[in-house]
Amino acid sequence: MVKRVYTFGEGDKEMKALLGGKGANLSEMTNLGLNVPPGFTITTSTCNDFFQAKGEFPEGLWEEVIEHVERLEKKTGKKFGDKENPLLASVRSGAPISMPGMMDTVLNLGLNDEVAETLVRLTGEEWFVYDAYRRLITMFGNVVMRAEREKFDAVHEAEKEREGVERDTEISVEGLKRTVEGQKKVYEKEVGSAFPTDPHEQLGLSIAAVFNSWNIPRAVTYRRAEGIPDDMGTACNVQIMVFGNMGWDSASGVLFTRDPANGEKGIFGELLFNAQGEDVVAGTRTPIHLAELKERQPELYKELEDIAHKVEHHYKDMQDMEFTIEKGTLYILQTRTGKRTARSAFKIAVDMTNEGLIDKETALTRITPQQIDQLLHPQFDPESKKAAEARGDLLTVGLNASPGAATGIIIFDADTAEERGKAGENVILVRPETTPDDVNGMIVAQGFLTQHGGGTSHAAVVARGWGKPCVAGAEEIRINTHDRSFTVKGRVFKEGDWVSIDGATGEVFAGTIAKMDARYEDEKDLIQALEWADEIRRLGVRTNADNPEDSARARMFGAEGIGLTRTEHMFFDQEGEEISRRENIVKMILKSDEVAPLLRRIADLENRLESDPENGDLMEEVEKLKAEADGDPAVKEYRDALDAILPFQRKDFEGIFEAMDGLPVIIRLIDPPMHEFLPPREELIQEVTKLRITGEDPDELEEKEKILMVVESMWETNPMLGLRGCRAGLMYPGLTEMQTQAIFEAACNVAERGVDVHPEVMIPLTS
Numbered sequence: 180m181v182k183r184v185y186t187f188g189e190g191d192k193e194m195k196a197l198l199g200g201k202g203a204n205l206s207e208m209t210n211l212g213l214n215v216p217p218g219f220t221i222t223t224s225t226c227n228d229f230f231q232a233k234g235e236f237p238e239g240l241w242e243e244v245i246e247h248v249e250r251l252e253k254k255t256g257k258k259f260g261d262k263e264n265p266l267l268a269s270v271r272s273g274a275p276i277s278m279p280g281m282m283d284t285v286l287n288l289g290l291n292d293e294v295a296e297t298l299v300r301l302t303g304e305e306w307f308v309y310d311a312y313r314r315l316i317t318m319f320g321n322v323v324m325r326a327e328r329e330k331f332d333a334v335h336e337a338e339k340e341r342e343g344v345e346r347d348t349e350i351s352v353e354g355l356k357r358t359v360e361g362q363k364k365v366y367e368k369e370v371g372s373a374f375p376t377d378p379h380e381q382l383g384l385s386i387a388a389v390f391n392s393w394n395i396p397r398a399v400t401y402r403r404a405e406g407i408p409d410d411m412g413t414a415c416n417v418q419i420m421v422f423g424n425m426g427w428d429s430a431s432g433v434l435f436t437r438d439p440a441n442g443e444k445g446i447f448g449e450l451l452f453n454a455q456g457e458d459v460v461a462g463t464r465t466p467i468h469l470a471e472l473k474e475r476q477p478e479l480y481k482e483l484e485d486i487a488h489k490v491e492h493h494y495k496d497m498q499d500m501e502f503t504i505e506k507g508t509l510y511i512l513q514t515r516t517g518k519r520t521a522r523s524a525f526k527i528a529v530d531m532t533n534e535g536l537i538d539k540e541t542a543l544t545r546i547t548p549q550q551i552d553q554l555l556h557p558q559f560d561p562e563s564k565k566a567a568e569a570r571g572d573l574l575t576v577g578l579n580a581s582p583g584a585a586t587g588i589i590i591f592d593a594d595t596a597e598e599r600g601k602a603g604e605n606v607i608l609v610r611p612e613t614t615p616d617d618v619n620g621m622i623v624a625q626g627f628l629t630q631h632g633g634g635t636s637h638a639a640v641v642a643r644g645w646g647k648p649c650v651a652g653a654e655e656i657r658i659n660t661h662d663r664s665f666t667v668k669g670r671v672f673k674e675g676d677w678v679s680i681d682g683a684t685g686e687v688f689a690g691t692i693a694k695m696d697a698r699y700e701d702e703k704d705l706i707q708a709l710e711w712a713d714e715i716r717r718l719g720v721r722t723n724a725d726n727p728e729d730s731a732r733a734r735m736f737g738a739e740g741i742g743l744t745r746t747e748h749m750f751f752d753q754e755g756e757e758i759s760r761r762e763n764i765v766k767m768i769l770k771s772d773e774v775a776p777l778l779r780r781i782a783d784l785e786n787r788l789e790s791d792p793e794n795g796d797l798m799e800e801v802e803k804l805k806a807e808a809d810g811d812p813a814v815k816e817y818r819d820a821l822d823a824i825l826p827f828q829r830k831d832f833e834g835i836f837e838a839m840d841g842l843p844v845i846i847r848l849i850d851p852p853m854h855e856f857l858p859p860r861e862e863l864i865q866e867v868t869k870l871r872i873t874g875e876d877p878d879e880l881e882e883k884e885k886i887l888m889v890v891e892s893m894w895e896t897n898p899m900l901g902l903r904g905c906r907a908g909l910m911y912p913g914l915t916e917m918q919t920q921a922i923f924e925a926a927c928n929v930a931e932r933g934v935d936v937h938p939e940v941m942i943p944l945t946s
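Basically our numbering = 1-based index in the sequence shown + 179.
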């Protein structure tokens, strides 16, 4: 019989494919001797079997689950639904690859009216019991039965309003009891049946809900964004509840063993006293920093610090850990490899190598090309920021949850953000706090701004994982989702207004802020990592560059030459040049039909003359045709256009050769179809038609008609396999000659200046 359920401690960290990341790490931490609440994991393969069975538990699964529940009861001395010593449990998802917050969790399973009364008698903590009870009804109704969470939350908010309080922790016991009764009525109305009181029924339905959450829209969207396969499935973890909401000597929190934003060594995290873990990650309350725990309970802080150090050294990577303090006792609920910013990724990889935790090869596997790209993204220009501050456009400063600079229009919901983002607009998603259901809008947004939440909130974690800027916990702003606006310092901002956020400083500005390129030389950890890569790699890397500036930058980044210079890019106009490159290439193309037959005839005869240099008749014919060409006005215009382009090409090549002093440069002669340098056919047809109808400018009409005639003559069904590459070189021999002349004149010029030049010419082919 297939084993589907593993007790914590039966597995290890290498079993993520079967037990999921959370289950494998819970087993690993149990084996390390950490204080992990006991539980068991249902395998990922069982999830896939569940879907194969169309949402039914595979044969024998429920019996195996009950067997493991009984083991927990024996180990703890508590029983599910017992009136004397009841056991409460949580059910959590856990995929092989971390998908933070994308799937479902249900807490406080096992509560009903009788169990609640028993827990009050056992703990003396009536407020805690009914706070846990109302959370169960809300989560079970929403996660398991798919009723709208807002309807359950509305009952709780109404009770707080009735008592004149704002915080969840300020409501009275009587208010919580009324909340529980009101939520039961909402449950019955929305679901069509009473809230289940049998703990085993609660457990079975919750396990099924966790499996089903593998395919909810936000999880599917996240997998698409991260490239996670659909057939992995999620494990399901059933774990004894420990409570961070059992009073002010209890807390729930999240910590990273190093700062996920900048990579600095030392624990970074947040916690909420008298709260459950969902409050921390959901961002519904803004948590406090771990330094507060150090002041209030220094022994617990030291214990947490020691555990973090032990776990990081065991996994040899920065860890993201969840913990609960129940009545002064510390429990570790989860560890996983922490999401981090690009800057943090480089610093952690370099620091851990220098500390001897990992080797250089391992360090390089911890870094992706995408993170290099993120690290070198433009940042806000300091002078532009100063000007914005002087104008009074610095609106507020929140938590610098994920670095980077982003400017965009304010959007208040994920669906609108998705729509506007896909339409090509820059969007800043502004929310009271983000939830996993916002992931479709977060993918397309330039950055996130939240009113609540901290550095370990959902918005912060997702932003760091995706390399997007985030300012969280900007509590000065007041969001009105009904009016789709927010207010700060007396100013009102509507949806569609522009804002700029600096995730490195937490600053929020009205309007747009100019950006500047990142300074590569300031990124010491990036430079160190790339030097290690140079030591280890066996493959040489060249760059693609079409101008001196890109060539110099590529060399600074370590390119060993240029693998491809696209000369056609040099035909487009450059800022500050008096003569238009584009106009001259258009002139050359327009005259080519007139002059090409004569010039090709001369070129053909010269080729024949090379193999028969004593042929007087041939020589005479060449001289005659050359004289004819020299006197032809069309040929003169054609040559003048090429002569005008030659200095630009030569100057560009000189700059590229100087930037690549001592390194090879491969230059490709003209490659794309020539119509790409002319105005689009459809646009020309519209302009010609308009001029014909209005009769406004006969000269312009004549010019446009000539261009349209040439464009029509060049039209091809498949231009990528048509007149391009070496075929274009044969049809426009003067162009090939001009480019070759520019390359070698440039090479000679820079060589005279002491540059070690290595030009290589690529003749483009067409298959």
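Idealized CB from N, CA, C, for every residue including glycine.
Please read these numbers as outputs of a predicted model, since none were measured by experiment.
Assignment of alpha helix (DSSP H) within the region 825-898, counting only whole runs of 4 or more residues, yields 860-873 and 877-893 in chain order. Between the C-alpha atoms of Pro615 and Asp594 there is a straight-line separation of about 13 Å.
Sorting Leu205, Leu825, Arg716 and Phe229 by C-alpha distance to the C-alpha of Asn391 places Phe229 at the top. Minimum Cα-Cα distance from Leu842 among the listed residues Val720, Glu457 and Glu710 corresponds to Val720. Sorting Ala567, Asn441, Lys473 and Met425 by C-alpha distance to the C-alpha of Lys506 places Met425 at the top. Taking a cut-off of 8 Å for Cβ pairs, the region 916-933 and the region 824-834 touch, as three or more such pairs fall below it. In this structure, the CA atom of Glu855 is about 28 Å from the CA atom of Ala808. With contacts defined as CB atoms closer than 8 Å, Ala528 and Ala712 fail to qualify as a contacting pair.
For Asn214, the secondary structure class from DSSP, reduced to helix, strand or coil, is coil. Looking at the DSSP output, Val940 shares a beta bridge with Ile846.
Between Val844 and Thr744, the gap from beta carbon to beta carbon is short of 8 Å. Of the candidates Glu612, Met318 and Lys694, Lys694 places its Cα closest to the Cα of Gly583. When the beta-carbon positions are compared, Leu848 and Gly908 come within less than 8 Å of each other.
By the neighbour-count criterion, in which a residue is buried when 16 or more other Cβ atoms sit within 10 angstroms of its Cβ, Thr223 is buried. Following the DSSP letters along the chain, one finds Asn533 inside the alpha helix (DSSP H) bounded by residues Ala521 to Asn533. Around the beta carbon of Asp499, a 10 Å sphere encloses 16 or more other beta carbons of the protein chains shown; the residue is thus reported as buried. Listed as beta-bridge partners of His468 by DSSP are Glu449. Here Ile446 is actually not in contact with Leu472; their C-beta atoms are around 10 Å apart, not less than 8 Å.
Its chain contains Ile589, Phe591 and Leu628 as the residues whose beta carbon lies nearer than 6 Å to that of Val609, once the 5 sequence neighbours on both sides are disregarded; these appear in chain order. Contact annotation: Ala697 and Leu554 have beta-carbon atoms nearer than 8 Å. Taking C-beta atoms under 8 Å as the contact rule, Asn441 and Arg522 qualify, at a distance of about 6 Å. Under the three-state reduction of DSSP output, Glu246 falls in the helix class. In the DSSP assignment, Val650 falls within the unbroken beta strand (DSSP E) covering Cys649 to Ala651.
The residues Val323, in chain order, have a CB closer than 6 Å to that of Leu384 in the same chain once the five nearest residues on each side in sequence are set aside. Cβ-Cβ distances below 8 Å link Val890 to His854, Leu857, Pro858, Arg860 and Leu863 in the same chain, with the five nearest sequence neighbours on each side left out; the list follows chain order. Taking C-beta atoms as the reference points, Ile419 and Pro216 count as a pair closer than 8 Å. Looking at Ile942, Gly913, Leu382 and Lys518, the one whose alpha-carbon comes closest to that of His247 is Leu382.
It is roughly 32 Å from the alpha-carbon of Ala585 to the alpha-carbon of Asp409. The shortest CA-to-CA distance from Ser636 to any of Leu788, Gly432, Pro812 and Ala823 is the one to Gly432. The Cβ atoms of Leu573 and Glu474 do not sit closer than 8 Å to each other. Taking C-beta atoms as the reference points, Phe525 and Leu512 fail to come closer than 8 Å. In the structure shown, Thr635 adopts coil according to DSSP, grouped into three states. Taking the Cβ atoms as the reference, Ala639 lies roughly 6 Å from Ser581, within the contact range of under 8 Å. For Ala414, the enclosing beta strand (DSSP E) begins and ends at Ala414 to Ile419. Inter-residue distance for Gly212 and Phe319 is about 32 Å (C-alpha atoms, whole angstroms). Sequence-distant partners of Phe750 (beyond 5 residues in either direction) whose C-beta falls short of 8 Å from its own C-beta, in its chain, are Arg760, Arg761, Ile764, Ile824 and Phe856.
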